[in-house]
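Undergrad: Chains as they are written, first to last, in this note's numbering: chain L, 625 to 901; chain C, 84 to 343.
By construction, the Cβ of each residue, glycine as well, lies at the ideal position given by its N, Cα and C atoms.
Nothing here was measured: the structure is a model prediction, and the numbers come from that model.
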Amino acid sequence: MIDLLVAPFEFGFMQRAFVGGVLVGAICALVGTYVVLRGLAFVGDALAHAAFPGVVIAYLLKGNIYVGATIFALATALAIGLVSRRGRVSYDTAIGILFAGAFALGVLLMSTIHGYTVDLFSFLFGNVLGISTRDLLLVGILGAIVVLTIILFYKELLLLSFDPTVAEAMGYPVQALNYLLLGLIALTIVISIQAVGIILVVALLVTPSATAYLLTERFFRMMILGVVLAALAAVIGLYLSYYLNVASGAAIVLVSTCLFFLVLASRRLWTAKTRRA
Amino acid sequence: MDKKPWKYCLEVRDLTAGYGGKPAIEGVTFAVAPGQMVGVIGPNGAGKSTLFKAILGLIPRQRGEILLHEAPALSQRPLMGYLPQLEEINRDFPVSVEDVVMMGRYPRVGWCRQPRPADDSVVRQALARVDLVPHAGTQIGRLSGGQQQRTLLARVLAQDPHLLLLDEPVSGVDATTQHAIFALLEELRENGKTVVVATHDLNCVVERFDQVLCINRRVIAYGPPKEVFREDTLSRTYGNHLMVVQVGDRRVVVADEHGH
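Structural data, given as structure tokens:
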């Protein structure tokens, strides 16, 4: 049994994958707490897709894909913030237009490369097994920025999420705080692209936090539980990926999804039982 | 801080505000002396909530001036405590009663700082004043409507503002909570706070408030309840949404809350 658990760690790429998977999952769950409570899943998905052309351009220019993705994700976060300040077109329609267009640009650019399918696949679905030490360093630095920002603005982001009207009445710069939150989501997505890819990022952003939301009625505990659940999903997912030889990002996401339904089902059972008693 | 007594705590001059083309309130002018309790009455859609939101800078102002202690109100927003209508809060949010009340301390705690023990004791006191100490650790969605309303009121108390703007604090809550809230308002007045309350309870306004502001898009009347509560002013304020009922030797005024 112990051998089975230890075996994957003989490989350097698996060690890096475990560190990367847990790190990425944890950061996603921290930011995901806000995403779930404010109903920003669609915005998160949009930011992920909008980062794609940035990834492709960086790839074409042989630059760093994290830099490209960061620029595009942050620019889109800014655009979403601007659009949300009222207009004829509704918020979700505007986001739909924006992210589908950006994603199409990415696909178009990608199609100019001869034999592009393999790389395209890895951007869309990620490959945590291919994460390099340099990637890990970048994930660590960007992750530290996200965590530090959340610590510094914990009170303000909590108030903004719970009661934006009163936050504004108290004189807080609500619009700036909204941008800050969008920026945090954008950075988190950039961090996650290598691990789970553009299409699946939203799962990491939403699922562990939603599971935690079922288990607690306190904000801080929801954050911590989300981190634990995300780390658990990353570890189990990577073992599954190693032994069953299946895609790592998809395995992590599916474990996370299973945990969600497990908790949901046991909650239902528990509620039914206490009601009968 | 300047200790000189201000003539007015709040001054609203020629305020026109609202979204889009037709403003919800027009040319509203009134002033509130420090320590006074003012009731704002009018039918639904008359602009009571709009007035509060415009004072707090939550909706665009098209014209006019709002002064708090003779300086622009918007530059001193932490000094104004706001109790929005109850239906505007997210009941499923994972915070306890205590957490919500602590939010009132945030402007005083300041950016990038943690609440200190002194803030904890202010929160305790605020909870005690609204009788919610036993529920300090309860998630807000598990409370009754009245308890939720008292939680939000405790948050305003913890903020320790100079001016309190309460938007229908007693609508849709049980009688016990109503009495508790009004007793608390009296206490606030004794402590020299200035309180502006939007309400449908006209009888209560007569009994407890210093001034009444009758509003229906414009100011219909402003003054002490005994002067303002005449049939012609009330019927101009409410149109057809008002009944005067004779109960024994008292005339009781009943406003139609649902304003058809």
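Using the rule of at least 16 other Cβ atoms within 10 Å of the residue's Cβ for burial, across every protein chain shown, is L:S785 buried or exposed?
TA: buried
Undergrad: Note down, in chain order, all residues in the region 784–802 of chain L with a beta-carbon under 9 Å from any beta-carbon belonging to chain C.
TA: S785, F786, D787, T789, V790, A791, E792, A793, M794, G795 and Y796
Undergrad: Ordered along the chain, which non-local residues of its own chain (more than five positions away) have a Cβ less than 6 Å from that of C:H152?
TA: W89
Undergrad: Suppose you measure from the CA of L:I769 to the CA of L:I815; what does that come to, to the nearest Å?
TA: 11 Å
Undergrad: Using the C-alpha atoms, what's the distance from C:H262 back to L:A724?
TA: 55 Å
Undergrad: Do the region 97–115 of chain C and the region 264–276 of chain C make contact, defined as three or more Cβ pairs closer than 8 Å?
TA: no
Undergrad: C:V178 CB to nearest chain D CB: under 7 Å?
TA: Structure shown: chain D not included; protein chains present are L and C.
Undergrad: Does C:C92 come within less than 7 Å of chain L when only Cβ atoms are used?
TA: Contact with chain L is absent for C:C92, since none of that chain's Cβ atoms lies less than 7 Å from the residue's Cβ.
Undergrad: With 16 as the cutoff for other CB atoms within 10 Å, does C:E273 come out buried or exposed?
TA: exposed
Undergrad: Under the three-state reduction of DSSP, which class applies to L:G767: helix, strand or coil?
TA: helix
Undergrad: Which residues of chain L have a Cβ atom closer than 9 Å to the Cβ of C:N173, listed in chain order?
TA: L661, S785, F786 and D787
Undergrad: What is the C-beta distance between L:L839 and L:V887, in whole angstroms, given that I count them as a contact (C-beta under 8 Å)?
TA: So it is a contact: roughly 6 Å between Cβ atoms.
Undergrad: So, using beta-carbon positions, are C:V95 and C:L296 closer together than 7 Å?
TA: no
Undergrad: Might you give, ordered along the chain, the residues of its own chain that have their beta carbon closer than 7 Å to the beta carbon of C:P167, omitting 5 neighbours on each side?
TA: D250
Undergrad: Along the chain, where does the alpha helix (DSSP H) that runs through C:H238 open and close?
TA: Residue identity check: residue 238 of chain C is Arg in the sequence provided, not His. It spans G228 to Q242 - the alpha helix (DSSP H) in which C:R238 sits, taken as one unbroken run.
Undergrad: Check for me: the alpha helix (DSSP H) holding L:E792 runs from which residue to which?
TA: P788 to A793
Undergrad: Let me confirm a value: L:H673 is counted as buried when at least 16 other C-beta atoms fall within 10 Å, else exposed. Which label applies?
TA: buried
Undergrad: Grab the span of the beta strand (DSSP E) containing C:Y305 for me, first residue to last.
TA: R301 to G306
Undergrad: Determine whether the Cβ of L:L776 lies closer than 7 Å to any Cβ atom of chain C.
TA: yes
Undergrad: Do L:A730 and L:P677 have their C-beta atoms within less than 7 Å of each other?
TA: According to the sequence as given, residue 730 of chain L is Gly; it is not Ala. A contact, by the Cβ cut-off of 7 Å.
Undergrad: Strictly below 9 Å CB to CB, what residues from chain L border C:M163?
TA: A793, M794 and G795
Undergrad: If distances are taken between C-alpha atoms only, which option among L:T736, L:N688, L:A699 and L:L828 comes closest to L:I876?
TA: Relative to L:I876, the option among L:T736, L:N688, L:A699 and L:L828 whose CA is nearest is L:L828.
Undergrad: May I ask you to list the residues that DSSP assigns as paired with L:A672?
TA: Answer is none; L:A672 lacks a bridge partner.
Undergrad: What does C:Q222 pair with, by DSSP beta-bridge criteria?
TA: C:S179
Undergrad: Could you give the C-beta distance for L:I822 and L:F747, rounded to a whole number, given that I count them as a contact under 8 Å?
TA: Right, the Cβ-Cβ distance comes to about 6 Å (below 8 Å), so this counts as a contact.
Undergrad: Is C:L235 near C:V180, with beta carbons less than 7 Å apart?
TA: no
Undergrad: Hey, does L:M846 have any beta-carbon neighbour from chain C nearer than 7 Å?
TA: yes
Undergrad: Once DSSP output is grouped into helix, strand and coil, what is the label at L:T840?
TA: coil
Undergrad: Among C:A137, C:Q294 and C:M185, which residue has its Cα nearest to the Cα of C:A209?
TA: Taking only the C-alpha atoms, the option nearest C:A209 is C:M185.
Undergrad: Identify which residue in C:R238, C:E170 and C:Q145 has its Cα closest to the Cα of C:D202.
TA: C:R238
Undergrad: Give me the chain L residues within the contact set of C:V192, using Cβ-Cβ distance strictly less than 9 Å, ordered along the chain.
TA: K779
Undergrad: How close, in whole Å, do the beta carbons of C:Q230 and C:H218 come, if the pair is a contact with beta carbons under 8 Å?
TA: C:Q230 to C:H218, Cβ: 6 Å. Contact.
Undergrad: Quick check: the Cα distance between L:L684 and L:T700, rounded to an integer number of angstroms?
TA: 21 Å
Undergrad: Measure the C-alpha to C-alpha separation of C:F312 and L:S714 and round it to an integer number of angstroms.
TA: Per the coordinates, the alpha-carbon of C:F312 lies some 45 Å from the alpha-carbon of L:S714.
Undergrad: Kindly confirm or deny that the region 686–701 of chain L and the region 837–856 of chain L touch, where touching means at least three C-beta pairs closer than 8 Å.
TA: no
Undergrad: Starting from C:D202, trace the alpha helix (DSSP H) in both directions and tell me its first and last residue.
TA: P200 to R212
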